[in-house]
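Each remark here refers to the structure printed beneath this line.
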Amino acid sequence: MNYTTAQSQEVDISKILELAMKTAINLRGNVNLLIAGKTGVGKSTLINAVFHENLAETGQGKPVTPTTREIKKEGFPLTIFDSRGLEVAKYKETICELENLIKERCNHSDPNRHIHIAWVCICEDIRRVEDADKELVEMLSRYVPVVGVITKARADNGFRSEVQKELSVAKNVVRVRAISEQLDDGHSQPVMGLKELIDITMQIVPEGQRNAIAAAQKVSLREKVKRSHVIVTTAATSAASVGAIPIPFSHAVALVPIQVTMLASISVVFGLDLSQASLGTLISGVIAGGCKLGGNMLLSGLAKLIPGAGSLVGGILAGSTAALLTTLFGEAYIAALWAIFSGHPDAQPTPQEVAETFKTELSRKNFLSLSK
Numbered sequence: 001m002n003y004t005t006a007q008s009q010e011v012d013i014s015k016i017l018e019l020a021m022k023t024a025i026n027l028r029g030n031v032n033l034l035i036a037g038k039t040g041v042g043k044s045t046l047i048n049a050v051f052h053e054n055l056a057e058t059g060q061g062k063p064v065t066p067t068t069r070e071i072k073k074e075g076f077p078l079t080i081f082d083s084r085g086l087e088v089a090k091y092k093e094t095i096c097e098l099e100n101l102i103k104e105r106c107n108h109s110d111p112n113r114h115i116h117i118a119w120v121c122i123c124e125d126i127r128r129v130e131d132a133d134k135e136l137v138e139m140l141s142r143y144v145p146v147v148g149v150i151t152k153a154r155a156d157n158g159f160r161s162e163v164q165k166e167l168s169v170a171k172n173v174v175r176v177r178a179i180s181e182q183l184d185d186g187h188s189q190p191v192m193g194l195k196e197l198i199d200i201t202m203q204i205v206p207e208g209q210r211n212a213i214a215a216a217q218k219v220s221l222r223e224k225v226k227r228s229h230v231i232v233t234t235a236a237t238s239a240a241s242v243g244a245i246p247i248p249f250s251h252a253v254a255l256v257p258i259q260v261t262m263l264a265s266i267s268v269v270f271g272l273d274l275s276q277a278s279l280g281t282l283i284s285g286v287i288a289g290g291c292k293l294g295g296n297m298l299l300s301g302l303a304k305l306i307p308g309a310g311s312l313v314g315g316i317l318a319g320s321t322a323a324l325l326t327t328l329f330g331e332a333y334i335a336a337l338w339a340i341f342s343g344h345p346d347a348q349p350t351p352q353e354v355a356e357t358f359k360t361e362l363s364r365k366n367f368l369s370l371s372k
């Protein structure tokens, strides 16, 4: 396509928004977490403390074995497999049924159907690892990475070391307290271990599921930021290829879908509700003050918002410049979402509020400090 043709073309923003949404959701993917443990160890409390959406509400989910239920919500990137029944005399049957389920899922051609990680919960109050726990972890570790989770943590007294020894095939063992507790003497015990649990989980799940974990969890904003940095780096690499042959800035409409998809992908990792309307509101609110956008207007408006980049509008766009602009744009958006959610993990900002914060971050010269 020659420059004259490119200059005369106006990209279809509505189609770009639609494709960006689909791409972002596909790249986020889905993660399947098996959580097992005896009744009363606090699995439901743990799930609701770590993840958005209160998935572990009583009675939710469909049975997939006599003792395991599948819990999921439309549009949410996490599926929970909640396994119970280890306390019964026939726990070996429970483990056998669970193994058949995992085999079936892990043999599926679609990786999004696999069980990606297992949390096996043991209550610290019990102070022992029973045969059912050991046999379950031994079985699970043949198919998926396993993390031992010591729930209702109050006083370790060497119990974590004992669990590590007994569950030696587990990838790690983490002590957690999912909710704060008020003691009779007036002292309080705060929530603990949840960020560590997510950090470890992020390290051992497949790369294709890390965005899904980051999006689903609500205890570690840093993990959302880390995954968003990866998204920005990928987008910057794509932008550099667009500018591999230097071209007039006004012709570089191929950057538009890269920029928009990057914003959409970061949005889903931060857990924002994503729709074509909200994404369009975000972009138009930042670049054009709410007016209808065209592709060249988006690109030129972006450059004018970034300190020192406005002079590029009439100049030549090279690969390094395209990558830099994309990086600046993406990192400013991450900084904006950090500003919104830091200290307020359950915030539900409107697209207009996100756009205003984004504009503020774009106008600053030091927003890249967050990535260091």
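Heads up: the sequence shown begins at 1 in full-length UniProt numbering, then just goes up one per residue.
No residue lacks a Cβ here, since even glycine has one placed at the ideal position from N, Cα and C.
- Bounds of any alpha helix (DSSP H) do not take in lysine 72, whose DSSP letter is neither H nor E.
- Counting only the Cα atoms, alanine 24 lies some 12 Å from alanine 215.
- Contact check for isoleucine 35 against cysteine 121 passes: the beta carbons are separated by less than 8 Å.
- Contact between the segment 182-196 and the segment 59-79 is not established, with fewer than three Cβ pairs separated by less than 8 Å.
- Residue burial is scored here from C-beta neighbours: asparagine 211 has at least 16 other C-beta atoms within 10 angstroms and is therefore classed as buried.
- DSSP links glycine 343 through a beta bridge to no other residue.
- Unbroken alpha helix (DSSP H) runs of no fewer than 4 residues, entirely contained in the segment 212-243, are found at 221-242, following chain order.
- Per the DSSP secondary-structure output, arginine 175 pairs in a beta bridge with Ile150.
- For alanine 254 against valine 268, the beta-carbon gap comes to about 23 Å, at or over 8 Å, which does not count as contact.
- For alanine 36, the enclosing beta strand (DSSP E) covers residues 31-36.
- Each of Leu140, Ser161 and Gly40 was checked against the Cα of asparagine 100, and the nearest Cα belongs to Leu140.
- Glutamate 18 and glutamine 276 have their alpha carbons spaced roughly 6 Å apart.
- If you draw a 10 Å sphere on the C-beta of threonine 237, you find fewer than 16 other C-beta atoms in it, and that means exposed.
- Residue range 255-269 is occupied by the alpha helix (DSSP H) that includes isoleucine 266.
- Sixteen is the threshold: since fewer than 16 other Cβ atoms of the shown chains lie within 10 Å of the Cβ of aspartate 156, the residue is exposed.
- By the Cβ criterion, the segment 43-54 is not in contact with the segment 91-110, since fewer than three pairs of Cβ atoms, one from each stretch, lie closer than 8 Å.
- In this structure, the beta-carbon distance from alanine 264 to alanine 323 does not fall below 8 Å.
- DSSP, reduced to helix, strand and coil, places threonine 39 outside both helices and strands of the structure shown, so it counts as coil.
- According to the DSSP assignment, isoleucine 117 belongs to the beta strand (DSSP E) that extends over 117-123.
- Taking C-alpha positions only, valine 137 is separated from serine 363 by approximately 52 Å.
- As DSSP reads the structure, methionine 192 sits in a beta bridge with Arg177.
- Note that the C-beta distance between valine 176 and valine 149 is below 8 Å.
- When the alpha-carbon of lysine 359 is set against those of Thr327, Val286 and Thr321, the nearest one is in Val286.
- Glycine 208 is positioned such that its CB atom lies no closer than 8 Å to that of proline 77.
- With fewer than 16 other Cβ atoms from the protein chains shown falling within 10 Å of its own Cβ, serine 161 counts as exposed.
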